[in-house]
Structures are given as structure tokens and as C-alpha cells.
Amino acid sequence: MPELPEVETIARGLANAVVGKTVDSVEVLRPTVVGPEPQRFAAELSGDRIVAVGRRAKFVVMALASGRSLVVHLRMTGRLIVQPAPAANLEPYTNVALSFTDDSRLCFADVRRFGRMRLVEPEGEWAAELGPEPLSSEFSLERFSSILVGRRTPIKAFLLDQRRVAGLGNIYACEALWDARIRPTRPAGALTGPARKRLHRAIIEVLRRAIEMRGTSVDDYVDADGLRGGFQNVLEVYGRDGLACSRCAAPIIRTVLAQRGTWWCRACQRG
DNA sequence: AGGCGTACCTGAGGGC
DNA sequence: TGCCCTCAGGTACGCC
51 MPELPEVETI ARGLANAVVG KTVDSVEVLR PTVVGPEPQR FAAELSGDRI VAVGRRAKFV
111 VMALASGRSL VVHLRMTGRL IVQPAPAANL EPYTNVALSF TDDSRLCFAD VRRFGRMRLV
171 EPEGEWAAEL GPEPLSSEFS LERFSSILVG RRTPIKAFLL DQRRVAGLGN IYACEALWDA
231 RIRPTRPAGA LTGPARKRLH RAIIEVLRRA IEMRGTSVDD YVDADGLRGG FQNVLEVYGR
291 DGLACSRCAA PIIRTVLAQR GTWWCRACQR G
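In terms of the numbering used here, the first sequence opens at residue 51 and continues consecutively.
Here you go:
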């Protein structure tokens with residue numbers, strides 16, 4: 051489900067809703083979601099206070115007064131929903147519920163149970179493998195070019211690899227490649243200088259615009275307040291097979307690449 | 001090292 | 001209606 055723009059939107063909503071709140075109790079309904087020691091997880095989190103909420107790659111990161119962080123990955127269908135009022139029913143498919151001392155609640159809900167929630171130590175290495183943040187200054191054209199060198203994997207698969215660039219998923223990889231007029235199957239290391247420059251710019255622009263529109267709700271993504279995003283209304287290729295390309299009017303096609311549906315325009319994505 | 005296939009889960013939607 | 005198949009915004013793991 052959520053890629054960088056959706057996780058960013060969720061994190062911003064949570065920052066408004068839960069910063070400063072103290073965890074009163076933790077209910078773990080699906081133990082596998084929080085790791086090998088669910089009781090310890092609940093005990094250590096109880097009594098701690100959320101001091102900040104941010105994002106790294108597709109992880110929501112809640113910094114705690116203890117110095118630890120509560121890190122959440124939503125995978126495909128995970129949701130973080132704030133329930134401001136006391137005594138409401140838990141959000142459907144809640145796997146973990148944090149109750150705060152003011153009686154509000156944070157539900158980590160996830161139908162498919164792929165999502166994960168972990169308590170990590172300040173010096174923890176949980177993010178060590180992640181590539182650069184595409185919206186940070188470290189993601190320069192030079193840096194991007196250097197990580198492409200010698201890669202023979204298709205550029206689409208490369209963009210989905212979180213160790214290369216962090217935060218892109220299937221929707222925004224497809225959209226950025228369309229924007230840059232690059233064929234998804236092109237070996238990453240074979241992009242020309244101009245193509246690298248177009249793709250670098252497209253990644254940044256697509257992500258920025260999607261954040262402005264509060265993410266993409268293709269199916270069931272909602273933010274921390276339960277609201278849908280708006281970017282699904284301006285998608286150029288994702289999920290649009292058979293429809294006309296807005297740039298050249300040829301039909302958008304769907305192929306499968308690295309086991310993922312891939313939407314693109316064969317006529318004008320030739321770089 | 002790196003790339004590929006499979007596993008993890010449930011639900012929605014299409015074809016018959 | 002209902003069964004059966006395919007597909008889904010992601011990543012971990014094992015295998016070559």
C-alpha cells in the first residue's frame with residue numbers, strides 16, 4: 051500500500067495527533083506483528099512518551115522520551131489510525147492498539163498482517179541498509195548516477211530496491227519512468243546522461259507532487275485521520291492499461307517485470 | 001554479489 | 001449464488 055508520499059502524509063498527521071502523549075497500555079492482538087517478544091514489547095512501550103513523529107523510507111518513526119523509537123512498516127495494507135475519543139471500538143483488523151493516558155488510542159490495523167511494528171534502540175542498525183532519501187540533499191544527480199553504475203537489473207526493479215533509493219514503490223516507480231520517458235526494462239547502468247538527469251528530476255517531482263496531494267488511494271490507503279489521498283486522480287500510467295497516454299495518445303500497456311505489474315507507454319518511453 | 005522465485009496473508013473482482 | 005482463479009501499493013528468504 052503505502053509508499054513514501056503516503057507514509058509522509060501519515061507521519062505528518064500522527065505528529066499533530068500523538069506527539070506529547072504518554073502510552074498507558076499496549077494491546078497486542080497479533081503477536082507476530084511486534085516481533086519475537088510481544089510481552090516485552092508491550093511492557094517496554096507502556097509508560098513511554100512520544101516526542102516526535104517522522105519518516106525514513108517507508109517507515110513511520112515515532113521517537114520516544116526513553117530515547118528508543120517505535121518504528122512501523124505498513125507493507126501492503128497497514129494503517130495507523132488515531133481514535134481521539136475514548137471507548138470507540140477498535141479500528142477493524144487492529145493488530146496492535148496503543149492506549150494513551152488521555153484515553154485516545156492509536157490502532158495499527160492491517161488485514162493482510164504483513165505490516166510490522168518494532169521498538170528499536172537509539173544506536174540500532176534498523177535503517178543501515180536503506181539508500182538515500184530522494185527528497186533530501188544527499189540525493190544529488192551525482193549520487194544517483196554513481197549508484198546506477200554497472201547495474202544490469204532493469205531500471206524499474208532497481209527503483210524498487212530500497213537499498214538503492216529509499217521510498218519508491220510500484221506506483222511512483224511507474225510514474226517517474228513515464229515522466230522521464232524511460233523504458234522500464236532498460237538496464238539501470240545503461241541510462242544515458244540525459245536520461246539519468248530526467249529520471250532524477252522526475253523522481254523528486256513525482257514524490258513532491260504526491261505529498262502535496264496527500265498520497266495515492268488506489269484501494270484502501272487512508273492517512274492517520276482516515277482520509278483518502280488525491281494523487282490517484284492524476285496518475286499517468288499506473289493502473290491505466292488500455293487508456294491513451296496523455297503525452298502521445300498511444301495506449302498504455304501493462305507488462306510484468308520482476309513479478310510486479312508495470313504500466314508504461316511503449317510509444318514514448320524509449321529512453 | 002546480485003538477481004530471481006517463492007512465501008507471507010486476506011479480500012476483491014471477474015469469468016463461468 | 002457460488003466456486004475458482006488472479007491480482008494487490010512490499011519485503012524477507014533461500015537458491016543459483
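In this text, a Cβ means the ideal position worked out from N, Cα and C, and glycines have one as well.
As DSSP reads the structure, residue 158 sits in a beta bridge with 130 and 146. Cβ atoms of residue 267 and residue 278 come within 8 angstroms of each other, at about 4 angstroms. According to DSSP, residue pairing for residue 112 in a beta bridge involves 103 and 120. Rounded to the nearest whole angstrom, the C-alpha separation of residue 57 and residue 274 is 10 angstroms. Scanning its chain for C-beta atoms nearer than 6 angstroms, with the 5 sequence neighbours on each side dropped, one finds around residue 128 the residues 160 and 165, in chain order. Across the set 92, 105 and 190, the C-alpha of 105 shows the shortest separation from the C-alpha of residue 64. For residue 75, the uninterrupted beta strand (DSSP E) run begins and ends at 73 to 78, by DSSP. Residue pairing by DSSP puts residue 310 in a beta bridge opposite 307. When 258, 249, 91 and 305 are compared, the shortest CA-CA separation from residue 192 is found for 249. Per DSSP, the beta-bridge partners of residue 170 are 119. Shown here, residue 300 sits in coil according to DSSP, grouped into three states, outside any helix or strand. Restricted to the stretch 256 to 286, not a single alpha helix (DSSP H) segment is unbroken, complete and at least 4 residues in length.
When the alpha-carbon of residue 292 is set against those of 221, 244, 305 and 282, the nearest one is in 305. With fewer than 16 other Cβ atoms from the protein chains shown falling within 10 Å of its own Cβ, residue 284 counts as exposed.
Counting C-beta pairs with one atom in each stretch, the stretch 115 to 132 and the stretch 166 to 184 have three or more that are closer than 8 angstroms, which means they touch. Ranked by how close their Cα comes to the Cα of residue 265, the residues 280, 246 and 308 have 280 in first place.
Assigned with DSSP and collapsed to three states, residue 234 falls in coil, not helix or strand.
The shortest CA-to-CA distance from residue 301 to any of 310, 311, 318 and 307 is the one to 318. The alpha carbon of residue 176 has as its nearest neighbour, out of 110, 190, 222 and 257, the alpha carbon of 110. Where residue 89 is concerned, the enclosing alpha helix (DSSP H) starts and stops at 88 to 95.
If you draw a 10 Å sphere on the C-beta of residue 93, you find fewer than 16 other C-beta atoms in it, and that means exposed. Around the C-beta of residue 59, 16 or more other C-beta atoms lie within 10 Å, and the residue is accordingly described as buried. In the structure shown, the three-state DSSP call for residue 81 is helix.
Contact check between the stretch 191 to 211 and the stretch 230 to 244: three or more CB pairs, one atom from each, fall below 8 angstroms, which counts as touching.
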